[in-house]
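Undergrad: Dropping a structure here in structure tokens format, bear with me for questions.
Numbering (my numbering), first residue to last: 15 to 490.
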């Protein structure tokens, strides 16, 4: 493949990618995120490929490996297209029946359907499953559609269109103004306005600047960043390139914990493909702008999720935080201005630059815009990744999406914000989930961890666990 030299060539290539995808009239999406893979998803993929080949229909029916669909409780997940037939807890032994009934005869395999724990009714279509139906899947929506190792799949769903628009029609300052107008706030901790951070780095006097993606996801029970990197790595990379253009940086790093091998593998593939196609490296899309990214692996230290400790780790030093009287946007990596954002923040950027700040700002609340991806874990029926508009109530998330508490037990509370957060008691379940309300309630948004606790949970044990965790993890 020769490099794409300009925006016109990118759009021409996009048309060919879309045309190629349109020829796949029947295809099977198999979730192969870390959770489903651990439950045997790759064996399911192998069984599909083998059975389709034996029936001599593998040329007509595609088996597609996709990233995490979010419904981790029910994996391995299989969705048959067209029709959007949703099957859960699929094993290799189920494949033959899915092919014979659903793919060839358009009949339903009822025993593989999802049963809603609230209504006790079976649900056939993926978009009708309450877990998905009540979400707003912006960052996670394409995870069940594209092959994360295929840049063609990403380009076919308008990938790199935002970058193209930026490079051919906006100055760096105009990009920053658009991000500010969108109301995007950091998705990794305190929720600092993203545009203001970019502006600060833009005005830094140094010529050499760096961009960093913080993918050191250390909160217990959190796995959203991992799943985005595994399932749609190009969205994060595109956001980083746009951010680098906005502050005139030519080098970037993504800091990923070593416990995320699939995330590292898929992001490495994305880097290679983007370079091959001329979307990363020198003179991107003929714009004169050059930028490249390196992967830096962390050792799994929780404290390295803190920005200054992370920077120290990249520099080869002990991952220990420093005083923040000087911000990273002024003096960060190797004492140069550094723009650092979380995985979810970077993945939001292409949507804003493609669809506009006003479009993004319509989602969420007055002060908390867009969506947030939560890791819903603990004593809840439907564990997994949940993406919802900012401002949704905790009750709706736990009961309408999460399916309530197992065994008919009562909910005691929800722990949010990781070890630095707090516990929201049952009486505050109608609390809107946004930065301000969670802070007022004595907790925080953090990176999106959410642990549900029922009447059997001992709050003393919970407090002891998080204090012990924080004590053990406070050194670099």
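Just so you know, even glycine gets a beta-carbon here, dropped at the ideal spot from N, CA and C. On a predicted model such as this, the values are computed, not experimentally measured, just so you know.
Short check: CB of residue 126 to CB of residue 225, under 7 Å?
TA: no
Undergrad: Beta-carbon separation of residue 398 and residue 84 under 7 Å?
TA: yes
Undergrad: Which same chain residues, not among the five before or five after residue 294, have their C-beta less than 8 Å away from its C-beta?
TA: Here the set comprises 251, 255, 285, 288, 305, 306, 307.
Undergrad: So, residue 239 versus residue 271, is the Cβ gap smaller than 7 Å?
TA: no
Undergrad: Considering only residues of the region 366 to 446, which uninterrupted beta strand (DSSP E) runs meet the minimum length of 3 residues and lie entirely inside it, listed in chain order?
TA: 385 to 392, 398 to 403, 425 to 430, 436 to 439
Undergrad: If I'm right that residue 228 touches residue 321 with Cβ under 8 Å, what's the distance once you round it to whole angstroms?
TA: About 7 Å separates the two Cβ atoms, so the contact holds.
Undergrad: Measure the alpha-carbon distance for residue 21 versus residue 28 and round it to whole angstroms.
TA: 10 Å
Undergrad: Provide the residue span of the beta strand (DSSP E) that contains residue 7, from first to last.
TA: The shown model of the chain, from 15 to 490, leaves out residue 7, and the question about it has no answer.
Undergrad: How would you label residue 472, buried or exposed, when you count the other beta carbons within 10 angstroms and need 16 or more for buried?
TA: exposed
Undergrad: For a quick check, are the C-beta atoms of residue 161 and residue 242 less than 7 Å apart?
TA: no
Undergrad: Compare the Cα-Cα distances from residue 16 to each of 303, 343, 74, 299 and report the closest residue.
TA: 299
Undergrad: What does a CB cutoff of less than 7 Å around residue 61 pick up in its chain, not counting 5 residues either side in sequence?
TA: In its chain, beyond the 5 residues on either side, 106, 109 have a beta carbon closer than 7 Å to the beta carbon of residue 61.
Undergrad: What did DSSP end up calling residue 130 once you bin it into helix, strand or coil?
TA: coil
Undergrad: Please classify residue 465: is it buried, with 16 or more other beta-carbons within 10 angstroms of its beta-carbon, or exposed?
TA: buried
Undergrad: Output yes or no for whether 7 Å exceeds the beta carbon distance between residue 319 and residue 327.
TA: no
Undergrad: Beta-carbon within less than 7 Å of residue 427's beta-carbon, same chain only, minus the 5 sequence neighbours each way: which residues are those?
TA: 437, 438, 439, 440, 467
Undergrad: Apply the 10 Å Cβ neighbour rule to residue 414 and answer buried if 16 or more other Cβ atoms are within range, or exposed otherwise.
TA: buried
Undergrad: If we count Cβ pairs, one from each stretch, closer than 8 Å, do we get three or more for the region 370 to 379 versus the region 193 to 207?
TA: By the criterion of at least three beta-carbon pairs nearer than 8 Å, the region 370 to 379 is in contact with the region 193 to 207.
Undergrad: Within its chain, find whatever has a CB closer than 7 Å to the CB of residue 313; leave out the 5 residues flanking it on each side and keep chain order.
TA: The residues are 272.
Undergrad: By Cβ distance below 8 Å, which residues in the same chain neighbour residue 394 in space, the five residues on each side in sequence not counted?
TA: 412, 416, 417, 418, 419, 420, 466
Undergrad: Assign residue 228 to one of three DSSP states: helix, strand, or coil.
TA: Strand.
Undergrad: Can you tell me where the beta strand (DSSP E) holding residue 448 begins and where it ends?
TA: Looking at the DSSP string, residue 448 is not in any beta strand (DSSP E), and its letter there is neither H nor E.
Undergrad: Taking the CB atoms as reference points, tell me whether residue 10 and residue 75 lie closer together than 7 Å.
TA: Residue 10 falls outside the range modelled here, since the chain spans only 15 to 490, and no answer is possible.
Undergrad: Pick from 383, 462, 260, 263: whose alpha carbon is nearest that of residue 356?
TA: 462
Undergrad: Span of the alpha helix (DSSP H) holding residue 195?
TA: 186 to 196
Undergrad: Note down, in chain order, each residue of its chain lying with its Cβ closer than 8 Å to the Cβ of residue 267, except the 5 sequence neighbours on either side.
TA: 224, 225, 226, 227, 307, 308, 309, 310, 328, 347
Undergrad: By the DSSP assignment, the alpha helix (DSSP H) with residue 475 in it spans what residues?
TA: Element bounds for residue 475: 473 to 486.
Undergrad: Taking residue 113 as the reference, give the member of 94, 402, 157, 370 with the closest Cα.
TA: 94
Undergrad: DSSP puts residue 208 in a beta bridge; with which residues?
TA: Per DSSP, none; premise fails for residue 208.
Undergrad: Which of the three DSSP states, helix, strand or coil, is assigned to residue 309?
TA: Annotated three-state conformation of residue 309 is strand, per DSSP.
Undergrad: Are there three or more Cβ pairs, one per stretch, closer than 8 Å when the region 257 to 266 is compared with the region 141 to 153?
TA: no
Undergrad: Would you tell me roughly how many angstroms separate the C-alpha atoms of residue 118 and residue 282, rounded to the nearest one?
TA: 37 Å
Undergrad: What does a CB cutoff of less than 6 Å around residue 167 pick up in its chain, not counting 5 residues either side in sequence?
TA: 160, 161
Undergrad: How far does the alpha helix (DSSP H) with residue 223 in it extend, from its first residue to its last?
TA: No alpha helix (DSSP H) contains residue 223, which DSSP labels as neither H nor E.
Undergrad: Could you check what DSSP says for residue 18 in three-state terms: helix, strand or coil?
TA: Residue state, collapsed to three classes: coil.
Undergrad: Hey, how far is the Cα of residue 387 from the Cα of residue 203?
TA: 13 Å
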